[in-house]
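Trainee:
Residue numbers (the UniProt record's numbering), protein chains in the order written: chain H, 1 to 317; chain B, 1 to 469.
(1) Kindly list the residues whose CB is nearer than 7 Å to the CB of residue 90/B, restricted to its own chain and excluding five residues on each side of it in sequence; keep chain order.
(2) May I ask you to list the residues that DSSP assigns as paired with residue 170/B?
(3) By the criterion of Cβ-Cβ separation under 8 Å, what are the contact partners of residue 299/B in chain H?
(4) Could you name the residues of the same chain whose beta carbon sits closer than 8 Å to that of residue 228/H, not counting the 5 residues immediately before and after it, in chain order?
(5) Cβ of residue 242/B within 7 Å of any heavy atom in the ligand GTP?
(6) What runs of the alpha helix (DSSP H), each 4 residues or longer, lie entirely inside the region 79–155 of chain H?
(7) Does the distance from the CB of residue 150/B to the CB of residue 226/B come in under 8 Å?
(8) Is residue 337/B closer than 8 Å to residue 168/B when the C-beta atoms are compared?
(9) Hey, residue 111/B and residue 422/B: beta-carbon distance below 8 Å or not?
(10) Is any beta-carbon of chain H found at less than 8 Å from that of residue 377/B?
(11) For a quick check, are the C-beta atoms of residue 302/H and residue 272/H less than 8 Å apart?
(12) Using a Cβ cut-off of 8 Å (strictly closer), state whether residue 214/B contacts chain A.
(13) For a cutoff of 8 Å on Cβ pairs, would you count residue 431/B as touching chain H?
(14) Would you mind stating whether residue 313/B and residue 403/B have Cβ atoms separated by less than 8 Å?
(15) Run through DSSP, which three-state label would residue 172/H get?
(16) Could you check whether the Cβ of residue 173/H sits closer than 8 Å to any Cβ belonging to chain B?
(17) Using a C-beta cutoff of 8 Å, does residue 287/H count as contacting chain B?
(18) Taking 8 Å as the CB-CB limit, is residue 441/B close to chain H?
(19) Please state whether DSSP places residue 156/B in a helix, a strand or coil.
(20) Tell me, please, whether the region 170–183 of chain B touches the region 423–434 of chain B by the rule of three or more beta-carbon pairs shorter than 8 Å.
(21) Compile a chain-ordered list of the residues in the region 255–266 of chain H whose CB is closer than 8 Å to at least one CB of chain B.
(22) In the DSSP assignment, find the beta strand (DSSP E) that holds residue 279/H and state where it starts and stops.
(23) Which whole runs of the beta strand (DSSP E) in the region 92–135 of chain B are 3 residues long or more, in chain order?
(24) Check whether the Cβ atoms of residue 110/H and residue 49/H sit closer than 8 Å, and answer yes or no.
(25) For residue 183/H, which three-state DSSP category applies?
(26) Between which two residues does the alpha helix (DSSP H) carrying residue 248/H extend?
(27) Could you tell me which residues DSSP puts in a beta bridge with residue 263/B?
(28) Consult DSSP for residue 165/B and reduce its assignment to one of helix, strand or coil.
(29) Identify the contact partners of residue 406/B in chain H, using a Cβ-Cβ distance below 9 Å as the criterion.
(30) Taking the C-alpha atoms as reference points, what is the distance between residue 148/H and residue 141/H?
(31) Looking at chain B, is there any beta carbon in it that lies within less than 8 Å of the beta carbon of residue 67/H?
(32) Grab the span of the alpha helix (DSSP H) containing residue 318/H for me, first residue to last.
(33) From residue 48/B to residue 80/B, what distance separates their C-alpha atoms?
(34) Do we get a CB-CB distance below 8 Å when we pair residue 423/B with the residues of chain H?
(35) Answer with buried or exposed for residue 131/H, where buried requires no fewer than 16 other C-beta atoms within 10 angstroms of its C-beta.
(36) Starting from the C-beta of residue 31/H, find all residues in its chain whose C-beta is less than 6 Å away, skip the five residues before and the five after it, and write them out in chain order.
Here it is, written out as structure tokens:
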């Protein structure tokens with residue numbers, strides 16, 4: 001639909017108290033119908049592939065089901081089970097710790113690199129860096145994790161071999177509790193920061209140069225300029241990057257699954273790993289669904305808090 | 001107020017929208033499109049056989065299908081090679097197929113899943129085995145009874161074993177030479193083993209690790225538990241099975257046999273279990289062995305073949321693997337697992353399980369019999385990627401090109417040590433394995449971690465075994 005057509009639609013008059021609301025015109029109804037037609041494939045896709053599975057998962061969480069036998073109604077037993085299961089509770093703790101560190105690192109690195117690339121630099125070099133930073137994102141997380149597992153191997157990995165040149169003893173990257181979680185975060189951030197980086201590059205390009213020039217005239221330079229001008233104006237982008245980053249981090253699976261299989265102990269077991277293990281390895285689909293529902297609620301809650309806070313911290317031009 | 005009547009132009013426009021939408025819907029509905037039913041073999045009456053993708057080569061699968069077709073031209077067969085990283089992943093995918101209503105007729109199942117499938121999905125093969133006893137006599141005479149017993153559940157036979165792998169000890173001969181050590185004797189002990197590792201370490205550089213092992217059910221801590229005369233779960237035999245032993249095995253070999261293994265009470269806090277963990281922890285402390293790393297040992301062939309590892313537990317499957325990795329036939333050799341309190345070894349076996357949902361059970365039985373024939377296995381196992389369950393197939397000629405020199409160890413692990421048994425794999429195997437791997441990682445983090453970790457393992461195993469899967 002063109003702008004001309006949109007402007008040609010007669011605006012509805014505001015209905016005054018006591019008056020009958022005006023019926024939409026034929027053209028307006030046509031526009032709405034067309035909009036509905038365009039939206040239909042997406043809406044159908046969301047309903048079939050997102051809404052129905054969510055409802056199905058909630059229903060399944062109320063049953064005991066092992067795929068082989070018929071499901072049996074369990075009421076809230078699955079929820080009681082997961083709330084008292086130390087592995088599930090640890091997985092939630094791990095996932096939250098992972099989310100805090102991974103998203104913070106991802107945003108900081110992406111922002112720092114975007115600001116650096118936004119400075120004076122030949123265009124071709126900027127293109128090279130942009131591609132290089134974004135490239136890991138298009139690779140398969142499982143493939144990357146397999147390679148990283150080799151690199152971070154304590155006894156035979158290249159990384160310990162390299163740091164050994166400087167007299168540093170082999171680091172238990174994947175075989176100690178804290179080391180393993182840190183390594184999973186490193187691998188995840190390395191692969192994921194490209195997305196936030198690209199958002200920040202776009203956001204920085206949208207900040208009018210005049211504002212920076214005016215700030216420079218007022219004496220704002222360096223860090224002060226970034227804190228007072230760049231960051232506030234970039235805050236909508238920052239909100240998007242953090243929302244997407246947090247939602248993705250709360251669903252992390254491939255990296256810990258391939259790198260450590262959740263170990264040592266449960267130190268890198270995440271919520272989605274628990275869902276997978278319960279459902280497809282232990283055939284406890286009801287419990288897996290209960291954990292899935294709890295994760296869904298957690299993501300909803302965290303996202304709602306983010307949007308609530310955004311009213312205070314996000315500045316729209 | 002707007003005009004509630006449609007103009008002629010609007011009417012024409014909506015009419016054309018409607019006609020367009022109807023035409024699109026009609027075209028889409030009548031389109032000759034591909035569906036799941038168009039996958040070759042699906043719903044065409046074929047006997048569907050699901051195998052672990054990496055278990056057989058494409059040539060092997062072709063030979064399997066063509067050979068069966070020649071023998072049974074009336075039975076169409078389709079091999080569904082399911083790609084998976086390990087048995088647990090494979091079973092998960094098979095169960096997903098079953099849940100989706102596309103269950104295969106036969107599934108290639110290893111020890112890890114024998115009891116899970118037998119309990120919930122499998123059909124006992126007893127009636128067919130009794131009916132075709134004359135035909136099967138030659139097969140059972142060629143297969144060790146321990147392998148057969150590992151495929152029984154509560155008195156019934158669920159699979160005919162066609163391959164197995166016992167955990168023996170592979171040694172890199174170049175590393176041995178560098179350390180000035182002789183190839184260990186067949187009756188070597190745990191202390192001999194430790195002394196050899198120390199000697200290897202002394203002769204190697206800082207990047208050399210004498211003993212490598214992978215934290216998994218097969219070949220991880222369990223062989224040490226067996227060698228120390230214990231197990232993760234209390235082991236016993238189910239009653240029954242006499243129909244099979246009396247029909248196919250001489251009196252000497254049926255001694256002590258039953259209706260399959262039972263793994264019940266967890267015993268992670270038993271002294272001998274703790275002793276095995278303490279031993280591995282001490283090797284780690286001395287830098288004689290790797291820390292328990294999860295996974296399937298995918299990086300092991302590289303580090304072993306390049307001499308960065310001296311010793312590792314593996315089965316007959318490694319002879320082919322090392323050969324493919326470029327190691328000469330004299331570059332490695334194999335010996336029994338070292339003796340501790342006992343000489344008991346562990347093994348895992350595999351064969352075809354017939355699913356209850358199959359509507360072609362007689363045809364499936366014909367395939368099971370065919371797959372266990374000597375000529376079939378010879379065509380299937382050409383690269384020493386496993387140990388054939390038939391004793392007669394292990395010959396000098398088979399191992400001439402790949403090695404190892406002591407290839408007899410593979411089958412003698414069963415013949416010489418008749419108490420050698422399968423890895424503990426009750427129907428709750430998935431959870432048991434996860435608990436084992438998880439707490440093994442924690443237990444071996446430091447020598448003081450062993451006790452607390454084993455107590456937690458015991459608690460988790462008790463919970464897992466109480467659960468009815």
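Each residue gets a CB set at the ideal place from its N, CA and C atoms; glycine is no exception. As the structure is a computational prediction, the values presented were derived from the model and not from experiment.
Mentor: Reading off the structure:
(1) For the purposes of this step, residue 90/B is taken as residue 90 along the second chain, with counting starting at 1. Excluding positions up to five away in sequence, the list reads 52, 82, 84.
(2) Locating residue 170/B in the second chain gives position 170, counting from the first residue. Here residue 170/B is bridged, per DSSP, to 312/B, 334/B.
(3) Walking along the second chain from the start, residue 299/B turns up at place 299. Within 8 Å Cβ-Cβ: 149, 150, 153, 156.
(4) Position 228 of the first chain, counted from the first residue, corresponds to residue 228/H. These residues qualify, in order along the chain: 215, 220.
(5) For the structure depicted, the ligand GTP is absent and the ligand set is empty, with no information on it obtainable.
(6) Segments of the alpha helix (DSSP H) lying fully in the region 79–155 of chain H: 86–118, 123–138, 141–151.
(7) Residue numbering aside, residue 150/B sits at position 150 when the second chain is read from its first letter. Residue numbering aside, residue 226/B sits at position 226 when the second chain is read from its first letter. Contact: no.
(8) What you label residue 168/B is simply residue 168 of the second chain in a count that begins at 1. What you label residue 337/B is simply residue 337 of the second chain in a count that begins at 1. The beta carbons of residue 168/B and residue 337/B sit closer together than 8 Å.
(9) Indexing the second chain from 1 puts residue 111/B at position 111. Indexing the second chain from 1 puts residue 422/B at position 422. Yes, they are a contact pair.
(10) Numbered from 1 along the second chain, position 377 holds the residue referred to as residue 377/B. Cβ-Cβ to chain H under 8 Å: no for residue 377/B.
(11) Locating residue 302/H in the first chain gives position 302, counting from the first residue. Locating residue 272/H in the first chain gives position 272, counting from the first residue. No. Outside cutoff.
(12) No chain A is part of this structure, whose protein chains are labelled H and B.
(13) What you label residue 431/B is simply residue 431 of the second chain in a count that begins at 1. Yes, residue 431/B counts as interfacial toward chain H.
(14) Numbered from 1 along the second chain, position 313 holds the residue referred to as residue 313/B. Numbered from 1 along the second chain, position 403 holds the residue referred to as residue 403/B. The answer is no: Cβ separation not under 8 Å.
(15) If you number the first chain from 1, residue 172/H lands on position 172. Here residue 172/H sits in coil by DSSP.
(16) Position 173 of the first chain, counted from the first residue, corresponds to residue 173/H. No, residue 173/H lies away from the interface with chain B (no Cβ there is under 8 Å from its Cβ).
(17) What you label residue 287/H is simply residue 287 of the first chain in a count that begins at 1. Interface criterion not met: the Cβ of residue 287/H is under 8 Å from no Cβ in chain B.
(18) Counting from one through the second chain, the residue named residue 441/B turns up at place 441. Chain H, which has a Cβ nearer than 8 Å to the Cβ of residue 441/B, makes this yes.
(19) Taking the first residue of the second chain as position 1, residue 156/B is located at position 156. In this structure, residue 156/B counts as strand in the three-state DSSP scheme.
(20) Result no; under three Cβ-Cβ pairs closer than 8 Å.
(21) Within the region 255–266 of chain H, the qualifying residues are 260, 261, 262, 263, 264, 265, 266.
(22) Taking the first residue of the first chain as 1, we reach residue 279/H at position 279. Where residue 279/H is concerned, there is no enclosing beta strand (DSSP E), because DSSP gives it neither an H nor an E.
(23) Correct list: 106–110.
(24) Indexing the first chain from 1 puts residue 110/H at position 110. Indexing the first chain from 1 puts residue 49/H at position 49. Not in contact: residue 110/H and residue 49/H (Cβ atoms no closer than 8 Å).
(25) Residue 183/H sits at position 183 when you count from the first residue of the first chain. Three-state result, residue 183/H: helix.
(26) Position 248 of the first chain, counting from 1, holds the residue named residue 248/H. Counting along the chain, the alpha helix (DSSP H) containing residue 248/H begins and ends at 231–250.
(27) The residue you call residue 263/B lines up with position 263 of the second chain. Residue 263/B pairs with 235/B.
(28) The residue labelled residue 165/B in the question sits at position 165 within the second chain. Here DSSP, grouped into helix, strand and coil, assigns residue 165/B to strand.
(29) For this step, residue 406/B is matched to residue 406 along the second chain. Ordered by position in chain H, no residue passes the 9 Å Cβ test against residue 406/B, which lies about 27 Å from the chain.
(30) Within the first chain, the letter at position 148 stands for residue 148/H. Within the first chain, the letter at position 141 stands for residue 141/H. Taking the straight line joining both Cα atoms gives about 10 Å.
(31) Working through the first chain from its first residue, we reach residue 67/H at position 67. So yes, residue 67/H belongs to the interface.
(32) Here chain H has residues from 1 to 317 only, and residue 318/H is not among them.
(33) Here residue 48/B refers to the residue found at position 48 of the second chain. Here residue 80/B refers to the residue found at position 80 of the second chain. Their Cα atoms are separated by approximately 7 Å.
(34) Stepping through the second chain from its first residue, residue 423/B is reached at position 423. Judged by the 8 Å Cβ criterion, residue 423/B is not in contact with chain H.
(35) On the first chain, position 131 is the one that residue 131/H refers to. By the neighbour-count rule (16 or more Cβ atoms within 10 Å), residue 131/H is not buried but exposed.
(36) Taking the first chain and counting its residues from 1, one reaches residue 31/H at position 31. Counting only Cβ-Cβ distances below 6 Å, and skipping sequence neighbours, we find nothing.
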